[in-house]
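**Q** Take this structure first; my questions come after.
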Ligand code: BES
Ligand code: MN
Ligand code: ZN
């Protein structure tokens, strides 16, 4: 989809979109079109259920007095609560609508929409375009027989706004975020015969052309480092495990701030191992690498928009398979930290991978803050459903910053507890710890307690994204499939709290 900004409405566009607020109040641009068409918009509203609420659309076809064959009145709801997210939603819902009715070229007139609102007209326009781009994503590479009528049609979009240059510049930055979100969505959507540790590492390597330094540790290297927890998970697979370390050095010269670090669970397929999962729904476990996918996409955003800080991304990549070489329930492994782990259940593998990735990251980089993401537990889906991801942290300040960034980007987090009593639940009779807690009780919390044993005093947060990494239904800015949840959130977390001011 080609997106541009203009101060003028293109004379002959297939569809012209104007905005209405609740109670059928037309925006300035809409009032103009209504006058040109001798009241066609008002008449159409009177003949329809359309009220101007969010995600309502009214198509006025072939009105007299204008060249465009279709005027779309788009509902935006309340005028006084307009913000960037409302603009993104409008754009996203609009893309779905235009594709449904088969429009190829459209112009969206947002002139006057933000009068009296807190958000600048140019930011609003940029965010409408951003929402359109986010919703326009599609993972279509494996479809070879799609009928044209089933394909999305929209390919050219013009956003009409005064000061189009400023809006276009604001969109430029958002466009880089979308690039990273799409990179993540692609990685997460790929099947596990295409994305496995080595091939995922290869995709991460492509970030080097943006200036990211990428290192890939192979099995031999990780063995030397003593990563027995991660390697135990991968030992049943024909695909060798990998760890990828990505560094973006964007801090201004002379900055002494330690890096901000992101760590991701990258289980490219989770069969459960010898503690094998049931067949039904197991295909979903191709996206058990979403945490790693988000970290890689985030590094792409930071490099793409030239973020002014030093950031590190570390992802642990393994395939969890049952085989003659797989680890067994009851095996004891030694992690890089020296702590020993009794593997009670080989399906609680994500925490084993993260144990070594977190320890490696904190020891090598001594980050000022370390955030990990993982599709870690089914229990977080039971606890929170898919409207919030779970947040666990040893630092109230970091937790607050993450929650705020989540609110601002529409990727909300809900904080869950940590504590000594939960921690005791993972003590083992024969090793330093075991990889599961007490049965099904507090499954997400005991998993987080396990991770916490590998971060020491580092300010740290764990995002359990098991419920939000993939969606079976579309939302305004997220088509169904891999969501990229976490990329926008963490980009904002970085931008609002850790970047050096622009000179
Ligand atoms: N990858 C799964 C968690 C998961 C489940 C993600 C469903 C997305 C959807 C994880 O490795 C796992 O299997 N966790 C177990 C832990 C249990 C064995 C303690 C779980 O949640 O059942
Ligand atoms: Mn598992
Ligand atoms: Zn898993």
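In our numbering, the protein residues as written are -11 to 491.
Note that beta-carbon positions come from the ideal geometry of N, C-alpha and C, so glycine has one too.
#1: So residue 260 is in the beta strand (DSSP E); what residue range does that whole segment cover?
#2: For residue 2, which of helix, strand or coil comes out of DSSP?
#3: Going by alpha carbons, who is nearest to residue 144 out of 121, 163, 8, 137?
#4: Check the C-beta distance from residue 179 over to residue 262 and give it rounded, since I have them as a contact under 8 Å.
#5: Indicate whether the contact test is met: 3 or more Cβ pairs, each with one atom in the region 474 to 490 and one in the region 377 to 395, closer than 8 Å.
#6: On the three-state DSSP scale, how would you describe residue 87?
#7: Between residue 468 and the rest of its own chain, which residues show a CB-CB distance below 7 Å, the 5 nearest in sequence each way excluded?
#8: What I want to know is whether the C-beta of residue 452 ends up closer than 6 Å to one or more non-hydrogen atoms of the ligand MN.
#9: So which residues put a beta carbon under 5 Å from any heavy atom of the ligand BES, going in chain order?
#10: Spatial neighbours of residue 430 within its chain, please: C-beta separation below 8 Å, excluding the five flanking residues on both sides.
#11: Of the residues 453, 442, 398, which one's Cα is nearest the Cα of residue 464?
#12: Going by DSSP, which residues form a beta bridge with residue 253?
#13: List the whole-angstrom C-beta distance separating residue 508 from residue 285, where the pair is believed to meet the contact cut-off of C-beta under 8 Å.
#14: Looking only at C-alpha atoms, which of 132, 104, 142, 75 sits nearest to residue 93?
#15: Indicate whether the contact test is met: 3 or more Cβ pairs, each with one atom in the region 346 to 357 and one in the region 372 to 381, closer than 8 Å.
#16: Please confirm whether residue 334 and residue 419 have their CB atoms less than 7 Å apart.
#17: If you pair each beta-carbon of the region 128 to 142 with each one of the region 185 to 192, do three or more pairs fall below 8 Å?
#18: Can you tell me the Cα-Cα spacing of residue 479 and residue 32, whole angstroms?
#19: Taking 8 Å as the threshold, find out whether the region 233 to 253 comes into contact with the region 296 to 314 through three or more Cβ pairs.
#20: Would you decide whether residue 256 is buried or exposed? Buried here means 16 or more other CB atoms lie within 10 Å of its CB.
#21: Got a sec: is the Cβ-Cβ distance from residue 440 to anything in chain C below 7 Å?
#22: Rounded C-beta distance between residue 98 and residue 84? I'm assuming under 8 Å.
#23: Given that a residue counts as buried once 16 or more other Cβ atoms are within 10 Å of its Cβ, and exposed if not, what is residue 49?
#24: Quick check: does the Cβ of residue 6 come within less than 6 Å of any heavy atom belonging to the ligand ZN?
#25: Where does residue 164 land, buried or exposed, given buried means 16+ other C-beta within 10 angstroms?
#26: Between which two residues does the alpha helix (DSSP H) carrying residue 159 extend?
#27: If you drop the 5 nearest sequence neighbours on each side, which residues of the same chain put their C-beta closer than 8 Å to that of residue 2?
**A** So, to answer that:
#1: Looking at the DSSP string, residue 260 is not in any beta strand (DSSP E), and its letter there is neither H nor E.
#2: coil
#3: 121
#4: Their Cβ separation, rounded to whole angstroms, is 23 Å, which puts residue 179 and residue 262 out of contact at 8 Å.
#5: yes
#6: Here DSSP, grouped into helix, strand and coil, assigns residue 87 to helix.
#7: Hits under 7 Å: 459, 460, 461, 462.
#8: Taking 6 Å as the cut-off, the C-beta of residue 452 does not count as close to any heavy atom of the ligand MN.
#9: This selection yields 258, 276, 333, 335, 336, 338, 363, 365, 366, 424, 454.
#10: 367, 410, 413
#11: 398
#12: Note: residue 253 sits in a beta bridge opposite 304.
#13: Missing from the structure shown is residue 508; the chain here goes from -11 to 491 and no further.
#14: In terms of CA proximity to residue 93, 142 leads the group 132, 104, 142, 75.
#15: no
#16: For the 7 Å CB-CB criterion, residue 334 and residue 419 do not form a contact.
#17: no
#18: C-alpha separation (whole angstroms): 42 Å.
#19: yes
#20: buried
#21: The question asks about chain C, but that chain is absent: this structure has only one protein chain.
#22: That belief does not hold up - the Cβ atoms of residue 98 and residue 84 are roughly 18 Å apart, past 8 Å.
#23: With a threshold of 16 other beta carbon atoms within 10 Å, residue 49 falls short and is exposed.
#24: Distances taken from the Cβ of residue 6 to the heavy atoms of the ligand ZN include none shorter than 6 Å.
#25: Counting the other Cβ atoms within 10 Å of the Cβ of residue 164 gives 16 or more, which makes it buried.
#26: 152 to 177
#27: 56, 57, 58, 91, 92, 93, 94
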